[in-house]
Structure formats: C-alpha cells, structure tokens
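Residue numbers for the sequence shown follow full-length UniProt numbering, so the first one is 1 and each next one is one higher.
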Amino acid sequence: MHNVSDMRAALLRWYDEQGRTLPWRVRPEDRAAGVVPDPYAIWLSEVMSQQTTLAHATPYWRAFLEAFPSVVDLADANRDVVLSMWAGLGYYARARNLHKCAGVVRDDHLGIFPTDEKTLLTLPGIGPYTAATIAAICADEATNIVDGNVERVISRTYAFETPLPKGRKALRDLSGTLVRADRPGDYGQALMDLGATICSPKNPTCLLCPWREFCVAHSQSEETKYPVKVKKKPTPIRYGHAYVLRCEDKVLVERRPDSGLLGGMIGVPTTDWGDAPTDHSQAPLHRNWESKGQIRHVFTHFELRLDVFAAEIEASVEGVWVDDTSGLPTVFTKVVEAGLAD
C-alpha cells in the first residue's frame with residue numbers, strides 16, 4: 001500500500017498544481033526559472049508562524065522585512081524596537097532569540113544566513129524543524145521536516161497507534177523513510193500544505209487528497225482517530241492584579257525581567273501571578289485603586305485572570321510613562337483597555 005515512489009510522485013504532482021502561494025515561498029516554476037529562496041525570509045516566516053496562524057503572522061513578516069531588509073539590519077536594530085514590533089505575536093522568547101540569532105549570523109557568519117542543517121542547529125532559537133525546513137528549501141538538503149501538520153498526515157497515512165507525545169520520535173523516524181534527494185524542499189512544503197489544507201484535524205477533505213489511496217486511516221474510515229494523543233489535563237488558572245496608573249494622557253509602564261514569560265517586554269505593573277487571588281501588597285503606589293473588572297488571557301500552558309485596577313495622579317512619579325500603548329503585548333493591551341474604560 002505504501003509505495004514510496006508512488007506516494008512522492010502523487011504528492012509532488014498535487015503540490016505543483018495546488019500548493020499554497022505564500023509571500024516567502026518560491027514556487028516550483030519559479031525555481032525552475034532560477035529564482036533562489038531567501039533563507040533570511042524563510043527563517044523569519046518559520047519563527048513567526050510557530051504557534052501562530054499564517055494569516056496573523058504574515059503582516060508581521062512583511063513589516064519586519066520592510067524595517068529590517070537583511071539579517072544584518074535586524075542584528076543592528078535596537079532590541080526594544082524588535083520586541084515592540086513583535087508585540088501581538090505572542091511567545092516573546094521567540095523575539096529575543098530572533099534578535100540574538102541575527103547577531104550571531106552577523107558576527108560569526110559574515111552576515112550570510114547559513115543554509116545547512118548542521119550549522120543552523122547551532123544558532124539560537126533554531127530547533128530541528130526550522131533547521132530542516134531552511135536546509136531543504138534553500139539548499140536542497142534531504143532533511144526530515146516534521147511539524148504538527150506533518151505528524152497528522154503521517155499518523156493517518158500509516159494508522160500510527162502510539163499516542164503522542166510518547167510516539168513522537170518513532171513517528172518522526174517513520175516520516176524520514178519517505179525523504180529522498182529529489183526536490184526535498186518542495187516535498188517538505190507539499191507535506192506541510194497537505195496537512196494545512198486537506199488533512200485538517202477535524203474535517204479532512206479526503207476526496208481531494210493525493211494520498212487517499214495510500215492512507216490506512218482513510219481505508220478504515222478512521223481519519224480523525226489519528227494522531228492518537230494522551231488526554232490533556234485541565235488548563236490551570238493563575239491569578240493576579242494589574243494596575244493602570246494615569247497621568248494626563250500617559251500610562252505608567254515597566255519592563256519585565258528578561259527571564260520568564262513575556263521576558264523583556266514592556267507592560268503595566270502587575271502582581272506576581274499565582275494559583276490564588278492576591279491583594280494590593282505589590283501595587284506600584286498606595287492609592288485608592290478603582291476596580292475595572294477582570295480580563296482573561298490564555299497562554300499555551302495556563303489561563304491568566306487579572307483583576308484590573310486604575311488610578312489617576314496629577315504629577316507623574318518616577319518611572320516610564322507612555323502615551324502610545326499600541327506596542328504592548330496583547331494581554332497588557334486588554335488590561336489598558338479595561339483600565340481606561342469609563
């Protein structure tokens with residue numbers, strides 16, 4: 001049932017006709033005409049689209065390329081500017097690693113972005129998936145590209161029974177048996193496209209799938225059974241207070257520590273986030289704080305519930321005051337909106 005040559009041929013035919021057109025992607029016909037993929041642009045797109053939809057990430061990708069046309073431009077930029085431009089994409093450690101990685105490329109690689117998997121894996125913030133993707137697309141290296149979409153496709157094609165994450169390495173090894181030196185970049189992108197557009201989590205459109213005849217899960221009418229996953233535990237909830245202190249048209253902000261969630265980002269003062277509601281002992285000032293309700297924000301591993309409090313003073317105290325809060329992370333944008341609401 002699983003003839004590798006037939007599977008690859010069917011997938012690549014489908015990709016040539018139906019593959020997604022993305023702003024950083026060089027289509028097969030353009031590759032044939034001599035257009036070369038830009039590893040810097042590919043890297044940006046991969047980092048930005050981790051845990052983020054392409055529709056949400058693409059405007060950020062365009063903005064970064066406009067502001068920082070090359071990896072050296074990004075490395076030379078002030079980190080605060082990079083973090084501010086990243087605001088709204090979430091997972092802010094990615095932004096710090098992005099800037100750090102650009103600096104390493106500038107300083108250790110003459111500003112030329114590496115394209116071989118081994119070197120890419122030495123760069124800050126680049127893991128196996130991103131390294132494999134850049135190497136396959138930009139250097140035609142026969143790497144094993146496996147993301148969540150690919151895991152779903154392969155697990156259904158082979159009816160892979162071992163639950164994830166326990167079976168992740170074995171599933172990756174299984175995917176690697178399909179890798180060949182012929183068009184490795186196109187093959188990897190085709191597999192990702194298949195998972196993103198056809199082999200979707202809940203309602204796969206199997207009638208349009210180039211691997212329908214090879215798919216064990218489809219032959220058993222059990223597509224949505226795979227990938228098998230361990231049942232998730234309930235999402236933990238953390239609590240805290242957030243403070244919106246106003247002076248005229250400005251709001252008091254502070255920089256969060258580099259380590260931890262939202263590290264290095266600008267935000268309004270908050271208490272520590274804990275497992276139970278807190279008090280005002282960590283408020284920035286002893287004021288008559290007005291309750292402005294509660295905001296909720298879901299991070300990857302927990303839900304945050306912040307009780308928002310606001311106060312206004314006539315003369316600013318020592319600290320950083322801003323009149324533009326558009327560059328704040330989404331959770332703090334929610335806090336400011338609640339704090340300034342009538």
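Where is the CB? At the ideal position from N, CA and C, for every residue including glycine.
Please read all numbers here as calculations on a predicted model, not as lab measurements.
Exercise. Which residue or residues does DSSP assign as beta-bridge partners of Arg246?
Worked result: BP columns for Arg246 point to Val251 and Glu312.
Exercise. Going by alpha carbons, who is nearest to Asp38 out of Ser49, Lys232, Glu213 and Trp24?
Worked result: Selection Ser49, Lys232, Glu213 and Trp24 evaluated against Asp38 yields Trp24 as nearest (Cα-Cα).
Exercise. What residue does the beta strand (DSSP E) around Ser291 start on, and which one ends it?
Worked result: For Ser291, the enclosing beta strand (DSSP E) stretches over residues Glu290 to Val298.
For this session: Grab the span of the alpha helix (DSSP H) containing Val150 for me, first residue to last.
Result: Unbroken alpha helix (DSSP H) run through Val150: Gly148 to Thr157.
Exercise. Would the beta-carbon of Val244 fall within 7 Å of that of Val322?
Worked result: Against a cut-off of 7 Å, the Cβ pair of Val322 and Val244 comes out as no contact.
Problem set entry | Best match in Ile295, Leu191 and Ile126 for proximity to Arg13 [C-alpha to C-alpha] | Put simply, of Ile295, Leu191 and Ile126 the residue whose alpha carbon is nearest the alpha carbon of Arg13 is Leu191.
Exercise. DSSP on Glu303, reduced to helix/strand/coil?
Worked result: Judged by DSSP in its simplified three-state form, Glu303 adopts strand.
Problem set entry | Beta-ladder partner(s) of Ile237, from DSSP | Per DSSP, Glu303.
Problem set entry | Top-ranked residue by Cα proximity to Lys229, from Glu66, Cys138, Gly274 and Pro165 | The shortest C-alpha separation from Lys229 is found at Pro165.
Exercise. On the three-state DSSP scale, how would you describe Leu164?
Worked result: Collapsing the DSSP output to three states places Leu164 in a strand.
Problem set entry | Own chain, CB closer than 7 Å to Val150, minus 5 neighbours either side, in chain order | Setting aside the 5 residues that flank it on each side, Val150 is surrounded in the same chain by Ser175, Leu191, Met192 and Gly195, each with a C-beta closer than 7 Å to its C-beta; the list follows chain order.
For this session: Would you tell me roughly how many angstroms separate the C-alpha atoms of Ala181 and Leu123, rounded to the nearest one?
Result: The alpha-carbon separation between Ala181 and Leu123 amounts to approximately 25 Å.
Exercise. My guess is that Asp275 and Gln282 are in contact by the Cβ rule of under 8 Å, so how many angstroms apart are they, rounded?
Worked result: Not really, about 16 Å apart at Cβ, beyond 8 Å.
Problem set entry | Simplified DSSP assignment, three categories, for Thr53 | Three-state DSSP puts Thr53 in coil, outside helix and strand.
Problem set entry | alpha helix (DSSP H) segments (min. 4 residues) lying fully within the region 77–109 | Restricting attention to alpha helix (DSSP H) runs no shorter than 4 residues, the region 77–109 encloses them at 79–86 and 93–108, ordered along the chain.
Exercise. When burial is assigned at 16 or more other CB atoms within 10 Å of the CB, is Arg255 buried or exposed?
Worked result: Exposed: under 16 other Cβ atoms inside 10 Å.
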